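Residues -24 to -1, 1 to 337 (mature numbering (1 follows the signal peptide of the UniProt record, and there is no 0)) make up the sequence shown, in order.
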Amino acid sequence: MLNKKSLMVFVGMLMLTMFLVACGGGNNNTGGNNDGGNAGGGDGDTINLRFAHEEGQGDVQDLYANKFKEIIEEKSGGDITVDVYTAGQLGSNMDVLQSLQTGAIEIAITSPGFSGDVITESQIMAIPFLFSDNLEVNKKVLNESEALYGPLADKYEEKGLTPFKFWLEGFMYWTANKEVTTEDDMKGLKIRTMPTSLIIKSYELMGANPTPTDSGEIYTMLQTKGIDAQENPLFYIVNSNFLEVQDYLMDSKHHIYTTVTAANQDFFEGLSEEHQELIREVVDEVNEWSFEMQDEEQKKAMEKAKEEDVEIVELTAEEREVFKELSLEARELYKKESDAAKEIIETLEKEIEEAEAELGD
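This is how it looks when you write it as structure tokens:
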């Protein structure tokens, strides 16, 4: 017999499913059909992709999804159409991940900060101070990594997902109502994090009191003092108006915000080879475009941040090193998740080191 909490979850998922069916009811979606026609000149059927992401209208993920929509609808000659759903339209970020797994939606941008407890090995993308301070190095690694597109991709596929590309949305920043540059400043700080165990553990190691919440709750929790601080890419901090309720913006470079564009595996494998190839081709094109796009969005966000009544603090290399040392145990904890996790992190660390040597750190 269902208890009250289980009944509420069941009803919520039932309502989400009904909403998705209603949204897609008018489409002739041939995604699961192996003879779904050739890209750019099919047999009159239309493949409709429901594309969900974790951010608001005009944010980096929304710009990415709409660029994908623009290009693939043009290149397919209308054979493939895309409906883009912003954060909250299809429930929480975890609801979106579950909908992608079940096939209620076909494609999504999903971040390891939300998928980490479903795909434990994906938590590598959330370990602080792992990636380079050089975004060109990070771009090269995210495009070419054998660790990410080998053993890590295998773990996504085991959960019914086809990962296309890992990509970045710029450096993460801290905001708070006090300056945070030392271990003492971080001690006991109620900082909002994404709900993944390794992120939570990383902040505990740094001395904070991590408080996982969905992104839609951050502003209210900052405003009501339910949390003292939060971390996010700069564009998201500015676009979400967090600086209205925070006094300090810390340029900490403790992490890059990484995410992945993925499809429901059954849906994708049911497409014709031509449509599969076209989708991969467009994702590659949008990924290349997104690197410059997110850089531009970060620059615009910094200009807006400078106009706010907020103090911008850039951590020194020495200050960052203290936090890095405090959080290093997180890497060891990650290695213990599985043999695959150990292989992934050791390979990725080597790839980052080699890319820094090639491009300069």
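Beta carbons are placed, not taken as given, at the ideal position from N, Cα and C, and that holds for glycine.
As the structure is a computational prediction, the values presented were derived from the model and not from experiment.
Give every residue of the same chain whose Cβ lies closer than 6 Å to the Cβ of residue i, excluding the five residues on either side of it in the sequence, and list them in chain order.
i	result
Leu25	Val58, Glu82 and Ile83
Ala129	Pro139
Gly192	Gly64
Lys166	Asn185, Thr187, Ile203 and Asp204
His29	Gln37, Ala41 and Ile85
residue 351	In the structure as shown, the chain starts at -24 and stops at 337, and residue 351 therefore has no counterpart that could be examined.
Who are the Cβ neighbours of residue i in its own chain at under 7 Å, not counting the five residues just before and after it?
i	result
Ile321	Ile100, Arg307, Tyr310 and Lys311
Asn217	Tyr195
Gly89	Ala102, Met170, Thr172 and Ile175
Leu304	none
Met197	Arg168, Thr189 and Ile203
Val94	Leu73 and Lys135
Asn5	With a pLDDT of only 43 at Asn5, under 50, the local geometry of the prediction cannot be trusted, and the value read off the model is given with reservation. Contacts found: Ile23 and Asn24.
Where does residue i fall in DSSP's three states?
i	result
Met226	strand
Val60	strand
Ala184	coil
Gly8	Unreliable positioning characterises Gly8 in this predicted model, as indicated by a pLDDT of 39, which lies under 50. A coordinate reading is not provided.
Phe140	strand
Asn240	strand
Gln252	helix
Gly146	strand
Gly53	coil
Asn14	Low confidence applies to Asn14: its pLDDT is 37, below 50, so where it sits in the model is not reliable enough to give any reading.
Leu25	strand
Gln206	strand
Val289	strand
Ala80	coil
Going by CA-CA distance only, name the one from the options that's closest to residue i.
i	options	result
Gln222	Thr235, Leu254, Ile194 and Leu247	Ile194
residue 342	Val36, His29, Ile56 and Pro127	Since the first residue shown for the chain is -24 and the last is 337, residue 342 is missing from the structure and cannot be characterised.
Glu145	Lys51, Lys201 and Asn263	Asn263
Gly92	Tyr125, Gly126, Glu31 and Lys177	Lys177
Ala80	Asn240, Glu325, Phe299 and His231	Asn240
Asn23	Arg296, Leu247 and Glu287	The sequence given here places Ile at residue 23; Asn does not occur at that position. Considering only alpha carbons, the answer is Leu247.
Leu302	Met182, Met70 and Lys116	Met182
Asn153	Ile255, Glu329 and Glu287	Glu287
Ala331	Gln77, Glu268 and Lys116	Lys116
Glu220	Val60, Leu254 and Glu284	Glu284
Ser314	Glu97, Met70 and Glu295	Glu97
Tyr179	Ala238, His230, Phe243 and Glu249	His230
Trp265	Asn114, Ser121 and Trp143	Trp143
Asn215	Thr323, Gly67, Lys276 and Lys300	Lys276
Phe299	Ile48, Asn119, Asp160 and Ser75	Asp160
Phe44	Glu273, Leu324, Leu254 and Gly164	Leu254
Please classify residue i: is it buried, with 16 or more other beta-carbons within 10 angstroms of its beta-carbon, or exposed?
i	result
Gln65	exposed
Asp204	buried
Asp260	exposed
Asp38	buried
Gln33	exposed
Lys282	exposed
residue 338	With the chain covering only -24 through 337, there is no way to say anything about residue 338.
Leu335	exposed
Glu31	buried
Lys201	exposed
Which residues in the same chain have their Cβ closer than 8 Å to the Cβ of residue i, if we skip the five residues on either side of it in sequence?
i	result
Tyr149	Glu207, Asn208, Pro209, Leu210, Ile213, Leu225, Met226, Asp227 and Ser228
Glu319	Ala123 and Pro127
Ala333	none
If contacts are defined as beta-carbon pairs under 8 Å, then residue i and residue j qualify, I think. What distance do you get, rounded to the angstrom?
i	j	result
Ala184	Met170	Actually they do not touch by this definition, with Cβ atoms about 14 Å apart.
Gln270	Val36	5 Å
Ile232	Phe107	5 Å
residue 340	Leu291	Missing from the structure shown is residue 340; the chain here goes from -24 to 337 and no further.
Val236	Lys326	That belief does not hold up - the Cβ atoms of Val236 and Lys326 are roughly 21 Å apart, past 8 Å.
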